[in-house]
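One structure below.
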Amino acid sequence: MYVAVKGGERAIDNAHAWLAEERRGDLGVAELSVAQIRAQLSLAVNRVMAEGSLYDPDLAALAIKQARGDLIEAIFLIRAYRTTLPRLGASCPVDTAEMAVIRRISATFKDLPGGQVLGPTFDYTHRLLDFKLAAEGEVSQAATAPAAMEAVPHVMAMLDRDGMIEAEPLGNDVPADLTREPMELPGSRALRLQAITRGDEGFILSMAYSTQRGYGRTHAFVGELRIGAVAVEMEIPELGFAVEIGEIELTECETVNQFKGSKTEPPQFTRGYGLVFGQTERKAIAMSLVDRSLRWAELGEDYTGAPAQDEEFVLMHADNVQATGFLEHIKLPHYVDFQSELELVRRLRAEVFATQEAAE
Amino acid sequence: MTQTPLEAATPCSETLAARKAWMGLLARAKPARLADLCPEIPTHDLLRAPEIGAVMVRGRIGGNGLPFNLGEMTVTRCALRLGSGAVGHAHVQGRDKGHAVRAAVVDALMQTDQAEALRAAVLAPLQAEEIARRTSRAAKAAATKVEFFTLVRGEDQ
Chain A
16 MYVAVKGGER AIDNAHAWLA EERRGDLGVA ELSVAQIRAQ LSLAVNRVMA EGSLYDPDLA
76 ALAIKQARGD LIEAIFLIRA YRTTLPRLGA SCPVDTAEMA VIRRISATFK DLPGGQVLGP
136 TFDYTHRLLD FKLAAEGEVS QAATAPAAME AVPHVMAMLD RDGMIEAEPL GNDVPADLTR
196 EPMELPGSRA LRLQAITRGD EGFILSMAYS TQRGYGRTHA FVGELRIGAV AVEMEIPELG
256 FAVEIGEIEL TECETVNQFK GSKTEPPQFT RGYGLVFGQT ERKAIAMSLV DRSLRWAELG
316 EDYTGAPAQD EEFVLMHADN VQATGFLEHI KLPHYVDFQS ELELVRRLRA EVFATQEAAE
Chain H
16 MTQTPLEAAT PCSETLAARK AWMGLLARAK PARLADLCPE IPTHDLLRAP EIGAVMVRGR
76 IGGNGLPFNL GEMTVTRCAL RLGSGAVGHA HVQGRDKGHA VRAAVVDALM QTDQAEALRA
136 AVLAPLQAEE IARRTSRAAK AAATKVEFFT LVRGEDQ
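Chains as they are written, first to last, in this note's numbering: chain A, 16 to 375; chain H, 16 to 172.
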């Protein structure tokens with residue numbers, strides 16, 4: 016029950032003023048600029064863009080600053096902002112085969128056209144704290160080597176050619192958009208991917224991990240993981256042709272999964288797909304595992320009751336803005352609700368005591 | 016692609032490809048850099064005032080399959096007409112209205128006899144800088160390419 020309550024304005028204003036002061040912190044320490052956050056906390060910026068579902072690094076950096084580094088709060092700010100923007104249209108689907116890759120690895124093939132490119136990765140670091148970073152003025156210089164400057168083919172295309180992996184249905188159907196119409200379940204694979212790519216990284220990670228531990232096992236190999244820039248093109252109605260409206264960085268993960276075959280399909284590998292804004296490889300890998308897990312019905316696999324096979328469970332709990340909104344609202348005044356609960360419990364207690372007294 | 020009067024006015028595919036190339040270059044440009052290269056904005060009539068909005072970016076399932084909605088990006092659009100009658104359009108990445116106005120001005124001027132001067136003054140430097148930036152990233156990536164070699168194991172000898 017909701018009842019309008021007045022009062023507390025001064026307390027709220029003062030709380031927000033103190034919040035602003037706390038955000039700034041020690042005045043003896045230089046203030047963090049939005050440009051610094053964008054450049055030096057870029058993976059946090061990427062996460063906010065991915066889960067805020069809006070590619071704009073400056074806005075994401077601003078949101079992180081405003082939210083004092085609370086990324087879910089920052090994602091909330093971005094989601095709120097994006098609702099104020101008019102929708103100018105939808106892009107042509109991005110062509111990830113044309114990606115300018117800065118990282119591209121395959122766990123299934125050692126030698127592949129274009130090679131294994133590690134990129135700026137945390138992999139193979141020792142995870143030891145680097146105290147040199149605590150000292151100022153550390154500038155490292157990356158090595159360079161002659162580059163081919165050409166697109167590298169998708170690893171999956173190699174398996175696709177031999178019919179060793181399921182063919183992806185082709186087409187240009189307009190996909191369902193959960194930002195326009197409420198999600199209807201069961202949804203299409205396109206709708207699921209939209210929900211997962213903007214879903215909470217921690218939640219998607221845990222769902223994916225649960226499939227690896229045996230809750231809806233899908234035996235995934237990372238066929239290919241690639242990170243890089245792709246062009247975004249859009250048809251401009253008044254021009255009558257498509258133009259590039261920008262360039263975004265994406266992480267794409269394709270998994271190869273075991274499949275025994277079915278009545279209609281010969282034994283072949285199946286696919287899981289992940290595509291996420293920014294350098295977000297943990298999320299992209301997790302997304303591809305969850306995508307594959309949710310495809311059990313389509314592939315004629317058994318439903319074992321595993322959470323990661325349950326579309327309703329995954330999709331309705333993946334959004335951290337929805338989740339935190341509902342979770343945190345219970346801290347807001349519920350005085351009237353609680354009064355009625357209190358009266359109910361008092362009455363029940365009185366009835367119990369009265370019965371006991373009568374019995375004695 | 017839908018047929019429009021403007022496409023009919025530019026029937027040459029080379030002209031169209033060239034226009035798409037400069038529009039893309041302008042859309043990707045850093046607003047501050049474009050402002051450096053193109054400080055003067057000629058008088059113009061706005062056909063569509065600069066407007067900040069969002070474009071839903073789509074991907075394809077499996078990289079080549081059915082489309083799905085990946086998320087939005089910020090885009091600013093603008094359309095204007097110069098005194099000469101040339102019309103320029105812009106859809107540029109981000110939320111900088113000056114960026115969209117300048118991109119539309121350059122798009123319009125590129126369709127006039129000032130095209131060559133503008134190509135040298137604005138587009139060529141933008142393109143050179145973009146190529147340098149891309150080459151630098153590709154070169155750093157190339158340096159992280161794994162060179163596999165096989166170790167000889169003791170029991171094989």
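Quick reminder that beta carbons are idealized off the backbone N, C-alpha and C, glycines included.
In the DSSP assignment, PRO46(H) falls within the alpha helix (DSSP H) that extends over 46 to 52. Counting along the chain, the unbroken beta strand (DSSP E) around VAL291(A) starts and ends at 285 to 292. Per DSSP, the unbroken alpha helix (DSSP H) holding GLU358(A) starts and ends at 350 to 374. The beta carbon of GLY243(A) sits closer than 8 Å to those of MET114, ALA115, VAL116, ILE117, ARG118, ARG119, GLU264, LEU265, all from its chain and outside the five residues before and after it, given in chain order. Taking the Cα positions, GLY214(A) is about 44 Å away from LEU124(H).
Taking C-beta separations shorter than 7 Å and ignoring five residues to either side along the sequence, the partners of HIS104(H) in its chain run ALA94, ALA119, ASP122, following chain order. Residue contact with chain A for PRO46(H): absent (no Cβ-Cβ distance below 7 Å to any residue of chain A). Excluding five sequence positions before and after PHE274(A), the CB atoms of its chain that fall closer than 8 Å to its own CB belong to GLU181, GLU280, PRO282, GLN283, PHE284, THR285, LEU314, given in chain order. In terms of beta-carbon proximity, PHE83(H) lines the interface with chain A, with at least one pair separated by less than 7 Å.
Residue state for VAL247(A) is assigned as strand, using DSSP reduced to three classes. Contact fails between the segment 215 to 234 of chain A and the segment 76 to 85 of chain A, because fewer than three Cβ pairs, one in each stretch, are under 8 Å apart. Taking a beta-carbon distance threshold of 7 Å, THR127(H) does not count as an interface residue toward chain A. Taking the CA atoms as reference points, ALA76(A) sits about 7 Å from ALA50(A).
The C-beta separation of VAL132(A) from LYS160(H) comes to about 5 Å, placing the pair in contact by the 8 Å criterion.
At a C-beta separation below 7 Å, ILE76(H) has these neighbours in chain A: GLU183, ARG204, ALA205, LEU208, TYR288. Under the three-pair Cβ rule at 8 Å, the segment 187 to 200 of chain A does not count as touching the segment 41 to 55 of chain A. Contacts between LEU31(H) and chain A, judged by CB atoms closer than 8 Å, involve PHE256 in chain order. With respect to chain H, the C-beta atom of VAL336(A) has no partner C-beta closer than 7 Å. Between the C-alpha atoms of ASN272(A) and PHE236(A) there is a straight-line separation of about 6 Å.
DSSP places GLN156(A) outside both helix and strand once states are collapsed to three, so it counts as coil. In this structure, the alpha-carbon of ARG310(A) lies about 47 Å from that of ARG48(H).
The straight-line gap separating the alpha-carbon atoms of MET38(H) and VAL116(H) is approximately 12 Å.
Proximity of chain A to HIS104(H) at the Cβ level (cut-off 9 Å) is accounted for by ILE251, GLU253, LEU254, VAL258, in chain order. The segment 102 to 110 of chain A makes contact with the segment 65 to 83 of chain H: 3 or more CB pairs, one atom from each, lie closer than 8 Å. Nearest in C-alpha terms to ARG232(A), of all of MET249(A), GLY287(A), GLU253(A), is GLY287(A).
The C-beta of ALA101(H) comes no closer than 7 Å to any C-beta of chain A. Minimum Cα-Cα distance from CYS268(A) among the listed residues MET173(A), ALA122(A), ALA312(A) corresponds to ALA122(A).
At least one C-beta of chain A is nearer than 7 Å to the C-beta of THR159(H). Taking 7 Å as the cut-off, the beta carbon of GLY261(A) is found closer than this to the beta carbon of ARG43(H). Distance between ARG75(H) and SER203(A), taken at the CA atoms: about 13 Å. Note: HIS234(A) is not bridge-paired with any residue in the DSSP secondary-structure output. For THR111(A), the residues of chain H that pass the 8 Å Cβ criterion are GLY74, ARG75, GLY78, in the order they occur in the chain. When the Cα atoms are used, PHE164(H) and LEU127(A) turn out to be separated by approximately 15 Å. Using beta-carbon distances, SER303(A) does not count as an interface residue toward chain H, since no partner is under 7 Å.
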